[in-house]
Each structure stands twice: as C-alpha cells, then as structure tokens.
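Please read the structure below before turning to the comments.
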Amino acid sequence: MLELSQNNIDDFKQFINSHNFFFIVGHKEPDGDCITSCLGIAAILDHFGKPYQLLSAGPFKRNEVIRWQEKFSAEMTFQDEAERKATGLIIADCSEIIRLGDIDGDLKGFDTFIIDHHKTSEIGGDIKGVINPDAPACAFLVQLFYEALIGSVPTDLAKILFFGICTDTGFFRFLTENSAPVFAAVSRLVADGADPRTTYREINSGKPYSTRKLLGILLGRAEKYLDGRLVVTYETLEDTKKWGLEGRDSDSLYQLMLSAKGVEAVVFLRQDTLTTCTGGFRSQDKIDVSAVAAKFGGGGHKNASGMSCNGRVETLIPQIVKEFARVM
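Position 290 of the sequence shown, counted from 1, bears residue number 290 in the UniProt record's numbering, the numbering being contiguous throughout.
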C-alpha cells in the first residue's frame with residue numbers, strides 16, 4: 001500500500017509531542033533520498049517548534065548531496081542523563097543502528113522512530129515507526145507525513161523532497177504499473193514549486209571528469225557469469241587512490257550494464273581496505289538482489305541492494321556468483 005494509515009500518522013505525532021529534543025540520522029554514505037528525508041523530517045519538527053540535530057557519519061561521496069553537508073554533523077551534542085531521557089531518535093532510510101556508521105556519541109537507548117522503505121528492514125522490540133517496502137523512496141513517506149500533519153508543502157521543501165524521490169526512482173524509471181499514487185504525490189510537489197528539469201540537471205550534471213575515466217575502467221573490467229545473465233565488475237584500492245572518491249557515479253554503471261542484451265543483474269564491488277569491501281547489486285524485474293545482499297550482511301530493495309563485509313574482491317566474486325545462481 002502506497003499510503004500511511006491514520007495510526008502511522010497519530011504515532012508519529014505522539015512521538016514528536018512526547019520529546020523535547022531530537023536526533024535525526026540516516027545511513028552512512030548518504031544518498032539523495034537519505035539526506036532529503038532527514039531534511040524533510042527536520043521541517044516537520046520545525047513546524048512543531050521542536051529543536052533537533054541532523055547527524056550523518058558521511059562521507060558525502062555523491063556530488064548531488066555535497067551542498068547539504070554543512071547541515072549535518074558526525075558528532076552528537078552532549079546530553080546529560082535527564083536530557084537523553086527526553087530525547088527522541090528518528091532514523092531515516094534505514095532501520096539498523098550499525099548502518100548509521102561512526103557517529104561520535106552513543107545512539108543506543110533512545111526512544112526511536114524509524115521511517116524506511118527497504119525490503120530487508122524490520123522493526124524490533126519497542127521501536128516505533130513505519131517501514132513500507134512498497135514506497136519508492138523514504139522521501140515519499142516523509143512527504144506523506146508532512147502533508148498529513150501540516151498540509152501543503154512549501155516550495156523549498158517541495159524541491160528537496162522531489163529531488164529525493166527522483167534519486168531513488170532513477171527519475172521514475174524504476175516505478176511499476178502500480179505507481180499512480182506516487183505520480184499523484186510528486187505532481188503535488190511540482191504544483192508546490194518543484195522543477196523537474198532543474199532537478200534532473202542537479203542529479204546528473206557536474207560530475208568530476210575522474211568519474212568518467214573510472215567508469216571506463218570499470219566497464220572494461222566487467223565479466224559475464226551465469227550464461228551472460230550476470231555481470232560483475234570491481235574497483236581496486238589502486239583505482240580509488242588514483243581517481244578518488246569524489247562524485248561517485250555507480251548509477252551510470254548499473255544503467256549501462258543492465259541495458260545490454262541478456263543481462264539481468266549487475267554486481268559492483270569496491271575494495272575499501274585491505275580486508276573490507278562494499279558492494280552494490282542491481283537487477284531487472286524478477287531477480288531479488290536483496291536476498292543475495294542479505295547473505296553478506298547487507299540488504300535493500302528487490303532490484304537495488306548493497307552490502308559491506310570483510311573480504312577481498314577475488315574471493316568474494318565466486319561466493320557472490322554462487323548466491324546469484326540460486327536466485328536466477
């Protein structure tokens with residue numbers, strides 16, 4: 001269901017009214033959806049006159065989110081025990097504390113509310129929130145909360161939330177035939193002042209030249225597996241040292257690979273340190289890459305997931321291919 005229940009709305013309002021201060025945080029290596037969702041939640045708290053701090057472990061690798069970096073901190077404001085008890089933690093675009101990354105301070109033990117849309121997320125214990133895997137973006141859920149609690153979205157926020165929805169939907173190319181409520185919601189944002197043409201340019205322009213060179217290397221290194229249905233490529237420590245981390249553009253890599261005839265899924269691995277890797281998985285229609293990501297401590301959506309784990313590229317590739325063979 002692409003909507004919030006009245007219970008969802010009432011629970012969030014009660015959560016806001018029950019605390020004097022809030023920490024708002026999203027996952028490490030934030031993308032556009034994560035950052036704009038946090039900003040949307042902040043706007044809701046502003047309306048209710050509630051103070052807060054925006055947290056992010058970073059790093060802000062994506063060119064399109066760097067402009068908001070100064071609004072976030074990786075260091076929590078100090079609180080004594082009484083202040084902590086009156087503070088609420090709102091987590092956007094993920095549901096696991098471990099995925100928040102290295103925040104200077106203790107995020108555990110707070111009364112917590114989660115707003116997320118990842119298939120592999122879940123709420124446990126006494127934690128409150130909304131996790132809706134049918135939602136195309138966390139920013140979409142934040143928009144619905146804002147409209148239900150406050151009303152029409154102001155122009156500046158409409159532009160921000162529209163940006164977040166566009167980043168996670170690939171500018172709507174990932175949406176299905178059941179997405180009419182999403183288009184209805186974004187049409188309200190456009191009516192409120194969001195500009196599709198400007199947003200597309202903000203997302204897709206201004207990439208560093210180095211990312212174009214790195215993209216060529218990754219394309220040249222790609223190999224086919226499972227009768228050509230799976231394509232795997234990887235980035236080495238040397239690649240990262242030479243071309244840097246600025247302006248990551250793995251989305252273009254996935255799009256180019258998945259456009260090749262017969263390719264149903266793509267894996268991109270990056271060797272982060274001598275002993276750790278991160279990976280991104282993308283697929284067409286029926287292939288559930290979240291099931292594979294979960295095997296390596298990750299998760300996400302059916303057609304877009306990620307992971308971080310110990311290991312080296314050369315040993316992880318055969319393991320990942322073996323897991324894909326089970327779902328393809």
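Beta carbons: idealized from backbone N, C-alpha and C, even for Gly.
When only Cα atoms are considered, Glu64 and Ser210 end up about 16 Å apart.
When C-alpha distances from Phe324 are compared across Lys224, Pro133 and Ile150, the shortest belongs to Lys224. In terms of Cβ geometry, Lys159 and His301 do not form a close pair [threshold 7 Å].
Less than 7 Å divides the Cβ of Asp116 from the Cβ of Asp93.
Taking 7 Å as the cut-off, the Cβ atoms of Phe171 and Thr36 do not count as close. For Arg282, the enclosing beta strand (DSSP E) begins and ends at Thr276 to Ser283. Contact between Asp106 and Ala74 fails: their C-beta atoms lie close to 14 Å from each other, not under 8 Å. Taken atom to atom, the span from the alpha-carbon of Gly306 to that of Glu29 is near 12 Å. Nearest Cα to Arg212 within the set Lys242, Leu237, Pro196 and Val231: Lys242. Two segments are said to touch when three or more pairs of C-beta atoms, one from each, lie closer than 8 Å; by this definition the segment 197 to 211 does not touch the segment 175 to 182. Pro51 places its beta carbon less than 7 Å from that of Phe21.
Under DSSP, Asp104 shares a beta bridge with Glu75. Here Gly299 is actually not in contact with Ser308; their C-beta atoms are around 11 Å apart, not less than 8 Å. In this structure, His27 sits near Cys34, with a CB-CB distance shorter than 7 Å. Cβ-Cβ distances below 8 Å link His19 to Lys50, Ala86, Thr87, Gly88 and Asp111 in the same chain, with the five nearest sequence neighbours on each side left out; the list follows chain order. Within the UniProt domain "DDH" (23 to 165), the alpha helix (DSSP H) runs of at least 4 residues that lie entirely inside it are, in chain order, 32 to 47, 81 to 85 and 138 to 149.
Secondary-structure assignment with DSSP links Leu237 through no beta bridge to anything.
Following the DSSP letters along the chain, one finds Arg173 in no alpha helix (DSSP H), marked with neither H nor E.
Distance from Leu256 to Asp239 at the Cβ level is roughly 17 Å; contact not present, criterion being Cβ atoms closer than 8 Å. Look at the beta carbons and you see the segment 284 to 293 not touching the segment 181 to 194: under three pairs across the two are nearer than 8 Å.
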